[in-house]
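Peer 1:
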Amino acid sequence: MRTYAPDASALVCLDLQRGRLATENAAATVAACRRVLEQARRRRWPVLHVHARVAGAPMDPPIPGLEPLPSEAVFVRQGPSAFTNTAFSQTAQILGGPLVLIGFRMADTVLATAFAAADRNLAVEVVDDAVGGDPASRLVLLKPLAALAPRARVTTSREL
Numbered sequence: 031m032r033t034y035a036p037d038a039s040a041l042v043c044l045d046l047q048r049g050r051l052a053t054e055n056a057a058a059t060v061a062a063c064r065r066v067l068e069q070a071r072r073r074r075w076p077v078l079h080v081h082a083r084v085a086g087a088p089m090d091p092p093i094p095g096l097e098p099l100p101s102e103a104v105f106v107r108q109g110p111s112a113f114t115n116t117a118f119s120q121t122a123q124i125l126g127g128p129l130v131l132i133g134f135r136m137a138d139t140v141l142a143t144a145f146a147a148a149d150r151n152l153a154v155e156v157v158d159d160a161v162g163g164d165p166a167s168r169l170v171l172l173k174p175l176a177a178l179a180p181r182a183r184v185t186t187s188r189e190l
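Position one of the sequence shown corresponds to residue 31 (the working numbering), numbered consecutively onward.
1. By DSSP, does Pro-92 sit in helix, in strand, or in coil?
2. Rounded to a whole number of angstroms, what is the C-alpha to C-alpha distance between Ala-35 and Glu-68?
3. Helix or strand or just coil, what does DSSP make of Leu-125?
4. Val-184 and Asp-158 - do their beta-carbons sit closer together than 7 Å?
5. Is the distance from the Cβ of Val-106 to the Cβ of Arg-83 below 7 Å?
6. Mind checking which residues open and close the alpha helix (DSSP H) that includes Val-66?
7. Just to confirm, is the Cβ distance from Ser-111 to Ala-142 under 7 Å?
8. Opposite Gln-47 in the DSSP bridges: which residues?
9. Alpha carbons only, please: which of Ala-85, Asp-149 and Ala-62 is nearest the one belonging to Gly-127?
10. So for Val-178, helix, strand or coil by DSSP?
11. Output needed for Trp-75: all residues of its chain with C-beta closer than 6 Å, excluding positions within five of it in sequence on either side, in chain order.
12. Return the chain-ordered ranges of every beta strand (DSSP E) run that is complete within the segment 126-150 and spans a minimum of 3 residues.
13. If you draw a straight line from the C-alpha of Glu-102 to the C-alpha of Gly-162, how long is it?
14. Could you have a look at Leu-99 and say whether DSSP puts it in helix, strand or coil?
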């Protein structure tokens with residue numbers, strides 16, 4: 031397992047889709063996600079976008095300002111974790127981590143992806159202020175991430 035190395039990180043944008051804007055504190059989360067995405071692009075990190083797709087429903091479009099660039103990979107997940115997409119899993123393994131996780135929501139996709147990364151011995155950074163959801167439940171859900179140490183670390187967009 032690699033230790034934290036900002037220059038070797040890859041940004042994983044989880045469910046930055048318009049349907050997620052109905053969550054609590056969405057505006058603040060979008061602003062933090064925008065900061066992290068801009069910073070990752072400046073640092074020339076690989077950026078991986080993971081979108082949720084509900085079977086039989088049209089794809090929910092990206093949040094304005096957080097759309098993938100043509101050079102950035104987009105993966106569609108069917109399960110709770112980004113790793114349910116085989117191509118994402120292979121790409122993450124090749125990149126080797128650490129994977130910096132942002133997006134919506136801690137209660138499902140972010141936590142599931144962090145645990146799946148740990149199962150694959152990949153380090154993760156969860157950017158707390160760039161993860162949407164209810165603040166009280168986010169605090170509770172951050173505790174299981176501590177059990178993943180040293181493979182998981184919680185940070186903020188300003189500390190990244």
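We put the CB at the ideal spot given by N, CA and C, even for glycine.
Peer 2: Taking the coordinates as given:
1. Counting from 1 along the sequence shown, the entry for residue 92 is found at position 62. Three-state DSSP puts Pro-92 in a strand.
2. Position 5 of the sequence shown, counting from 1, holds the residue named residue 35. Position 38 of the sequence shown, counting from 1, holds the residue named residue 68. Low confidence applies to Ala-35: its pLDDT is 45, below 50, so where it sits in the model is not reliable, and the reading given next is rough at best. The straight-line gap from Cα to Cα measures roughly 18 Å.
3. As a position in the sequence shown, residue 125 is number 95, starting the count at 1. Helix at Leu-125.
4. For the purposes of this step, residue 158 is taken as the residue at position 128 of the sequence shown. For the purposes of this step, residue 184 is taken as the residue at position 154 of the sequence shown. Their beta carbons are under 7 Å apart, which means Asp-158 touches Val-184 by this criterion.
5. Counting from 1 along the sequence shown, the entry for residue 106 is found at position 76. Counting from 1 along the sequence shown, the entry for residue 83 is found at position 53. Arg-83 sits close to Val-106, with the two beta carbons spaced by under 7 Å.
6. By 1-based counting over the sequence shown, the position of residue 66 is 36. Note, Val-66: alpha helix (DSSP H), 56-72.
7. Translated into positions along the sequence shown, residue 111 becomes position 81. Translated into positions along the sequence shown, residue 142 becomes position 112. Closer than 7 Å, so yes.
8. By one-based count along the sequence shown, residue 47 stands at place 17. Answer by DSSP bridge pairing, in chain order: Pro-92.
9. Residue mapping note: residue 127 aligns to position 97 of the sequence shown, counting from 1. Minimum Cα distance to Gly-127 is reached at Asp-149.
10. Against the sequence shown, residue 178 aligns to sequence position 148. Residue identity check: residue 178 is Leu in the sequence provided, not Val. Note: Leu-178 maps to coil in three-state DSSP.
11. Position 45 of the sequence shown holds residue 75. For Trp-75, where only same-chain residues beyond five positions count, the Cβ hits under 6 Å are Ser-39, Ala-40 and Leu-41.
12. For the beta strand (DSSP E) assignment, the uninterrupted runs of no fewer than 3 residues enclosed by the segment 126-150 are, from N- to C-terminal side, 129-133.
13. Translated into positions along the sequence shown, residue 102 becomes position 72. Translated into positions along the sequence shown, residue 162 becomes position 132. Cα to Cα, the separation comes out at about 22 Å.
14. Locating residue 99 in the sequence shown gives position 69, counting from the first residue. Three-state DSSP puts Leu-99 in coil, outside helix and strand.
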